[in-house]
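Protein chains: 2
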Amino acid sequence: MILKWQVAIIAPNVPALYESHFGVPMAGAVVNTVNIRLNAQAIAFLLGHSSAAVVMVDQEFFPLAEEALKIWAEKAKGNFKPPLVIVIDDENCDPKALRYALGKGAVEYKKFLETGDPTYAWRPPEDEWQSIALGYTSGTTASPKGVVLSHRGAYVMSLSSALVWEMTEGAIYLWTLPMFHCNGWCYTWTLAALCGTSICMRQVTAKGVYSAIANHGVTHFCAAPVVLNSIVNATPEETILPLPRTVHVMTAGAAPPPSVLASMSEKGFRVAHTYGLSETYGPSTICAWKPEWDSLPLEQQARLKARQGVRYIGLEFLDVVSTQTMEPVPADGKTIGEIVMRGNLIMKGYLKNPKANEETFAGGWFHSGDLAVKHPDGYIEIKDRSKDIIISGAENISSVEIENTLYMHPAILEVSVVARPDERWGESPCAFVTLKPGVDKSDEGRLAEDIMRFCREKMPAYWVPKSVVFGPLPKTATGKIQKHLLRAKAKEMGPVKLSKL
Amino acid sequence: MILKWQVAIIAPNVPALYESHFGVPMAGAVVNTVNIRLNAQAIAFLLGHSSAAVVMVDQEFFPLAEEALKIWAEKAKGNFKPPLVIVIDDENCDPKALRYALGKGAVEYKKFLETGDPTYAWRPPEDEWQSIALGYTSGTTASPKGVVLSHRGAYVMSLSSALVWEMTEGAIYLWTLPMFHCNGWCYTWTLAALCGTSICMRQVTAKGVYSAIANHGVTHFCAAPVVLNSIVNATPEETILPLPRTVHVMTAGAAPPPSVLASMSEKGFRVAHTYGLSETYGPSTICAWKPEWDSLPLEQQARLKARQGVRYIGLEFLDVVSTQTMEPVPADGKTIGEIVMRGNLIMKGYLKNPKANEETFAGGWFHSGDLAVKHPDGYIEIKDRSKDIIISGAENISSVEIENTLYMHPAILEVSVVARPDERWGESPCAFVTLKPGVDKSDEGRLAEDIMRFCREKMPAYWVPKSVVFGPLPKTATGKIQKHLLRAKAKEMGPVKLSKL
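As structure tokens, this is what we get:
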């Protein structure tokens, strides 16, 4: 897969980043939004990998870009062709940062726009399969892969995204979700199609979200479960309730714990739970709500909503298949298989990575790497990432189910469960826990015992974590918990001894 | 263009007609919805032209179908291959009609369904450009042409139609618009995509519309201007007001008179004005409403809304071009050109009609045959059909503009203006008028003078109709006024004499 030419953009959710989703493709180029939480080394890799012709960078991130360019130049040696560097001014930033960038020869964004030809007649792509965007996976496990998206896919996704979410003309959308994440799940383009309004946020805080809802008429926003968590646990000073209108929230990235969903709903947010990957333009399934569920107890509603649901209207094929035979699993809510997909909402492929493409598209399906069951009503529910399943005494244990239960514990803010080597069972569950502010942390032993007792009441004995570790959780640049680091840590801790039983 | 095999359906808006929009394409066939207002001769023509393999017919229309089949068989002589005839039962009909059809060997619809294979695995079309539907134009001027629509076009239209009209999941749609009219402007498929509800109506009356709104939760319906007219002029016994909720109404087919739009709005209907043709899957433009227009006087709002507007999100290209040079006309609200279009929402072509296809797609554009101006805000406004323009003393007169003014006259229910030969000016406007019920019709001469005086106050002198004729207006099977018949009638009346001046 060869792309024509790329424009890389390193910026938080500022208007120029939104504009780049139109200006860059209309100029015939491919927009590559770069995760601003990456380090210079990682950015250097992807600029080099995609041969960026232009680098647009928010003034705050100019030093990061500068370092990345330096590393790229060093690695490429004689082959380095310096890109055009454009710096984005933002009145919310220290003007010194802009002056520094200009001193280093960067062109200011608005000045650059003035050099444009006002009579330029933009043309639609000659072929709808032409690439529109490139985005690198956050790489929880391996080195980042460049996901290439097409005009056609982005188009179908943009329309689908409005339809699945009751988003109509004139929607007012808060940019909590980074636009560098699958082009903001394609809502960049959806909003244009709906003549919607974008409210940009440099930094996401619970206070900022409540304030934008109160002051800017926000009707919709997307957020990772970690943001929902912070909204639910915001202090009274940060919170503005009741909400002035129903606010639609779309969440994805991991199954949000039922307790968080229930609390959001109590506050008046209408949460749509979706599931997808960078490779699928953002969400590809939604837990479509059925009116008859309204009368169920709130916790049962939250449990139903925690399911990943049914395919997006724009996604042609979705199934859960046996990892052995590729045959569809029965819709029994029990048999675990891999989620596979086909159709318009699947990426063109990974840039310059034939091996990964071959693996990912084996058998003519896109392999998500996520393990799920299919319920009798056709809704799918993720049980684990392939790598996250815990195998204890030949039994599969879903780390996600243990986490969902642990989130109901009153002292727990965040939790991640991984496999720890176990002398008797091979592996056993190990819970890494961040406690809520205000919880007395003086006696960790007593807290751990309390948590285990809590679990024993709610799950099979062999699911109960044998180890509980307290502290902050390592996260990727997009806020996903890095289970592979926790897995490594659990391994370092050594196996659970037989004597512990 | 060769189609695989066709299923013709002759039925009013009954559930079986809706179902055929899914069952027929899923069986790999093309759905051909037949206008039930056509006569046997016309139906015989189109069944033969499309070589229908199956004819599904509502029991009320069985005798019509029977006669059409007889004519077809006679004309085709030895080449006639009798189609499978399926009769649709409807509890709202006289059971004698069903018995008659069964006696003639027709298979009952539900019985036919029972012969299906429950394990049949439907397949999506191998090629998205494969045909999904065939529909014959109403033929105001020439013999009917078979418009062939593709799966791809129907898909893009179905999603677009929801987005332009604030139609969200669970919409409740009233079938006032015949499904045989461009497959109900593709709302058949839109409703499935939105998990919406269809309320079917065998016959459209103002009373039935009000009653469905009051009793079935209707949120949306589509209707030709003639239906809006009957809603606006309904008797108090037929009317149920206030509306229990905002009801979205989409209208198209001809610019509805501003007075009708204003009256609908006063009653609480939110009217979206759209424009399109059979060849464009239904509407291709919508007069998208701007919030700043809300504060304008109601009549000015109605005038703005009477414009055809801007292109649908799914239509890639729309322009108004000079009929001489094909160059775009200036956006001055004055220069008249032809509306042309290109993109996904344009038919594949006319069935077995290369000559018509060549003309219609001349220069790589679909030619609508409608004459319009482009306003400075980019909105287009139809001034006339090419054939409907009146040329008086070398000046072009828009018959539509005269009609819009006449609709404001308190005594006028319906009006159509055409050219009548004129000794002095070549042509001059001639108005055919239907009066409202209750208007004193005893002195037509005085009424005609009153109407002309009304016009003189509101338009240039040469626009004022020199002739006013009272009586019912001839209409096509889809309710369009047949201007060519009126034009013939005006010609028969002979030229306006010099002495009349």
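Residue numbers (my numbering), protein chains in the order written: chain R, 314 to 814; chain Z, 314 to 814. For glycine and all other residues, C-beta sits at the position ideal for the given N, C-alpha and C. Just so you know, these numbers come straight off a predicted model, no measurement behind them.
Candidates the options, of which the one nearest residue i by Cα
i, options, result
"R/Leu-628", "R/Tyr-588, R/Pro-643, R/Phe-393 and R/Val-731", "R/Tyr-588"
"Z/Val-809", "Z/Thr-481, Z/Leu-799, Z/Pro-778 and Z/His-797", "Z/Pro-778"
"R/Val-347", "R/Asn-405, R/Arg-436, R/Lys-458 and R/Arg-412", "R/Lys-458"
"R/Ile-553", "R/Tyr-413, R/Lys-388, R/Val-642 and R/Phe-582", "R/Phe-582"
"R/Gly-656", "R/Thr-638, R/Thr-636, R/Leu-631 and R/Lys-665", "R/Leu-631"
"Z/Ala-527", "Z/Leu-799, Z/Leu-556, Z/Cys-499 and Z/Tyr-500", "Z/Leu-556"
"R/Val-815", "R/Leu-487, R/Ile-764 and R/Ile-356", "Any answer about residue 815 of chain R is impossible in this case: the structure gives chain R only from 314 up to 814."
"R/Gly-416", "R/Val-398, R/Leu-426 and R/Tyr-692", "R/Val-398"
"Z/Pro-817", "Z/Ile-710, Z/Leu-748, Z/Pro-689 and Z/Gly-758", "Missing from the structure shown is residue 817 of chain Z; chain Z here goes from 314 to 814 and no further."
"R/Ala-389", "R/Val-343, R/Trp-678 and R/Ala-357", "R/Ala-357"
"Z/Val-781", "Z/Thr-789, Z/Gly-509 and Z/Cys-768", "Z/Cys-768"
"R/Pro-570", "R/Leu-719, R/Asp-735 and R/Val-337", "R/Leu-719"
Any C-beta of chain Z under 8 Å from that of residue i
i, result
"R/Ile-626", "yes"
"R/Ala-467", "no"
"R/Glu-479", "yes"
"R/Glu-629", "yes"
"R/Glu-640", "no"
"R/Glu-605", "no"
"R/Glu-482", "yes"
Cβ neighbour criterion (16 or more within 10 Å) applied to residue i
i, result
"R/Pro-596", "buried"
"Z/Ala-536", "buried"
"R/Met-815", "Examination of residue 815 of chain R is not possible in this model, given that chain R is present from 314 through 814 alone."
"R/Tyr-331", "buried"
"Z/Asp-697", "buried"
"Z/Lys-661", "buried"
"Z/Gln-516", "exposed"
"R/Phe-393", "exposed"
Within 8 Å, strictly: CB atoms of residue i and residue j
i, j, result
"Z/Cys-843", "Z/Lys-618", "Here chain Z comprises residues numbered 314 to 814, so residue 843 of chain Z is not present and cannot be evaluated."
"R/Val-367", "R/Pro-396", "yes"
"Z/Ile-349", "Z/Phe-374", "yes"
"Z/Asn-519", "Z/Ile-544", "The amino acid at residue 519 of chain Z is misidentified as Asn; the sequence shows Ala. In contact: Z/Ala-519 and Z/Ile-544 (Cβ atoms closer than 8 Å)."
"R/Ser-712", "R/Trp-738", "no"
"R/Gln-443", "R/Ala-410", "no"
"R/Leu-507", "R/Gly-530", "no"
"Z/His-586", "Z/Thr-564", "yes"
"Z/Leu-658", "Z/Tyr-594", "yes"
"Z/Asn-345", "Z/Ala-365", "yes"
"Z/Ala-644", "Z/His-688", "yes"
"R/Met-639", "R/Gly-676", "yes"
"R/Gln-621", "R/Ala-575", "no"
"R/Ser-729", "R/Ile-649", "no"
Neighbour flag for residue i against chain R, beta carbons, 8 Å
i, result
"Z/Thr-501", "no"
"Z/Pro-437", "yes"
"Z/Thr-518", "no"
"Z/Ala-506", "yes"
"Z/Leu-476", "yes"
"Z/Thr-453", "Per-residue confidence for Z/Thr-453 stands at a pLDDT of 43, beneath the threshold of 50, marking its modelled position as unreliable; no derived number is given."
"Z/Lys-813", "Only weak support is given to the placement of Z/Lys-813: the predicted model assigns it a pLDDT of 48, under 50, and the question is left unresolved by the model."
"Z/Leu-799", "no"
"Z/Leu-351", "no"
"Z/Leu-658", "no"
"Z/Leu-472", "yes"
Alpha helix (DSSP H) segment containing residue i, residue limits
i, result
"Z/Met-806", "Note, Z/Met-806: premise wrong, no alpha helix (DSSP H); not H, not E."
"R/Gly-361", "353-363"
"Z/Leu-609", "Careful: Z/Leu-609 lies outside any alpha helix (DSSP H) and carries neither H nor E."
"R/Arg-313", "Here chain R comprises residues numbered 314 to 814, so residue 313 of chain R is not present and cannot be evaluated."
"Z/Cys-499", "Premise fails: Z/Cys-499 is in no alpha helix (DSSP H) and is neither H nor E."
Span of the beta strand (DSSP E) around residue i
i, result
"Z/Leu-631", "630-634"
"Z/Lys-687", "679-687"
"R/Ala-585", "582-590"
"Z/Arg-733", "725-735"
"Z/Ile-693", "693-698"
Amino acids of chain C, ordered along the chain, whose beta-carbon sits closer than 9 Å to that of residue i
i, result
"R/Glu-757", "In summary, chain C is missing from the structure at hand, where the protein chains are R and Z."
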